[in-house]
Amino acid sequence: MEKSQWYIGTPNGVVLCVEEIAAGRMKGYFYHNYEEDGVAFSGIDDLLLKLEQFYDMLQFPHPTTNSRSFQEKQVRKNQSQEKVKIMNDDNLLSKHGDLGTFIIRVQHRQNNSWQGRITWMEKNKTIYFRSIWEMIKLIASALDTVSVQEGEEKEQSWDDEPGKD
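When you line the sequence shown up against the working numbering, it's residues 0 to 164, in that order.
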């Protein structure tokens with residue numbers, strides 16, 4: 000299989016490895032250039048929270064809105080410290096999940112959501128997503144865990160050619 004879509008291409012690119020779906024919760028790891036060990040997640044909510052923390056740590060992509068809180072602000076540590084890449088892209092791309100593997104490249108964090116592109120490594124297909132929700136639906140449809148209800152607004156799918164990179 001030609002691997003033309005297999006690249007990281009951005010400092011915040013991650014490889015998402017889905018290992019299992021148990022009790023309706025997706026479990027696995029995501030890998031990035033700045034740690035050798037994968038970041039474990041248990042459920043979509045946990046995955047999104049940890050990815051958001053990763054993007055905040057990198058300060059890339061910069062969010063267009065600030066988080067609000069009624070608690071005291073915590074001082075961020077190591078804000079100006081340069082992040083050092085530990086893993087190269089080839090090592091990242093060698094990671095694979097039992098159920099599915101995806102390369103996620105978030106290009107913007109606008110309107111309290113993410114925009115970017117996702118590559119399904121097993122099918123070597125890349126699609127742009129316009130929101131976190133759309134990214135989640137693309138992952139779920141690739142794993143065959145959701146079915147599109149009739150009458151829903153058409154969104155990107157892995158079979159659409161125009162969204163292909």
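Glycine residues also receive a C-beta, built at the ideal position from the N, C-alpha and C atoms.
- Residue state for Phe40 is assigned as strand, using DSSP reduced to three classes.
- With a cutoff of 8 angstroms on beta-carbon distance, Gly115 and Cys16 are scored as not near each other.
- A Cβ-Cβ distance of about 7 angstroms is found for the pair Arg108 and Thr63, placing them in contact under the 8 angstroms criterion.
- In this structure Ile131 is not in contact with Leu46, their Cβ atoms being roughly 10 angstroms apart against a cut-off of 8 angstroms.
- In the structure shown, the three-state DSSP call for Phe53 is helix.
- By the CB criterion at 8 angstroms, Gln4 and Asn90 fall outside the cutoff.
- For Lys124, the uninterrupted beta strand (DSSP E) run begins and ends at Lys124 to Phe128, by DSSP.
- The three-state secondary structure of Leu15, taken from DSSP, is strand.
- Less than 8 angstroms divides the Cβ of Thr118 from the Cβ of Phe101.
- Residues of the same chain with a CB within less than 6 angstroms of the CB of Val13, apart from the 5 flanking positions on each side, are Phe29, His31 and Ile103 in chain order.
- In this structure, Lys84 lies near Tyr33, with their beta-carbon atoms less than 8 angstroms apart.
- By the neighbour-count criterion, in which a residue is buried when 16 or more other Cβ atoms sit within 10 angstroms of its Cβ, Ala21 is exposed.
- The C-beta separation of Met120 from Phe128 comes to about 16 angstroms, leaving the pair out of contact by the 8 angstroms criterion.
- Here Met25 carries a strand assignment [DSSP, helix/strand/coil].
- The C-alpha of Arg24 lies about 21 angstroms from the C-alpha of Trp113.
- Here DSSP, grouped into helix, strand and coil, assigns Ile20 to strand.
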